[in-house]
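Using numbering that gives the first Met the number 0, read the sequence shown as starting at 0 and increasing by one per residue. Glycine is no exception: its CB is placed at the ideal position from the N, C-alpha and C atoms. So the structure is just underneath, and the comments pick up after that.
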Amino acid sequence: MDQIQFFRQELDRLLSGKGAHADFDAATADFPVKLRGVIPENAAHSAWQVLEHLRIAQWDMLEFSRDAKHVSPKWPEEYWPKHAAPESAEAWDRSVKAFHHDLGEMRKLVTDPKSDLFTPFAHGDGQTLLREAMQMADHNAYHVGELILLRRLLGAWKA
């Protein structure tokens, strides 16, 4: 295997979130419905707000990476939901599903040999597909950890 193919595979593995810590699926699976909108004492957000922030930010990074006409949401107000709780259990499920979809799309981009990882986007200010993918993996890992901390604070983590 050539080095660039190996690099793409490692980048894909990083994006998958499966490595040295719990992943997105572990953090969101069986999250008690009644706790999804609870903001623990001294915490800034509920699990719902963190989940939606993950989804929105990841979608933004993906779309920026593949669409020069993409317009990002306004920071910070459009990256965080205003309500602590989802409107329904189905809203939570839709958010999880959308997160998986967009993550899969980014993983396809970085593993596609036709995708240029290194040339800056013409529509950015120095961003590359590599930078967006690494930023996505880093951002996701940070907030997945936050979801797990929220679960611990709420007594809903068994590990």
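**Report entry** Contact under 8 Å by Cβ, HIS52 with TRP79
**Finding:** yes
Query - Beta-carbon contacts of MET60 that lie in its chain and below 7 Å, excluding the five residues immediately before and after - result: GLU131, GLN134 and MET135
Query raised in the report: First and last residue of the alpha helix (DSSP H) that includes ILE55?
Result: 46 to 65
Report task. Give the secondary structure of THR27 by DSSP, where H, G and I count as helix, E and B as strand, and everything else as coil. Result -> helix
Report task. Taking TRP91 as part of the alpha helix (DSSP H), name the residues at either end of that continuous run. Result -> It spans 88 to 110 - the alpha helix (DSSP H) in which TRP91 sits, taken as one unbroken run.
Query raised in the report: Which residues bound the alpha helix (DSSP H) around GLU145?
Result: Per DSSP, GLU145 is one residue of the alpha helix (DSSP H) stretching across 128 to 152.
Report task. Assign PHE5 to one of three DSSP states: helix, strand, or coil. Result -> helix
**Report entry** Integer-rounded CB distance, given that VAL49 should sit under 8 Å from LEU153
**Finding:** With 8 Å as the limit, LEU153 and VAL49 do not qualify as a contact, their Cβ atoms being about 12 Å apart.
Query raised in the report: Is THR127 near PHE120, with beta carbons less than 8 Å apart?
Result: Against a cut-off of 8 Å, the Cβ pair of PHE120 and THR127 comes out as a contact.
**Report entry** Any 3 or more C-beta pairs closer than 8 Å across the stretch 26 to 36 and the stretch 78 to 94
**Finding:** yes
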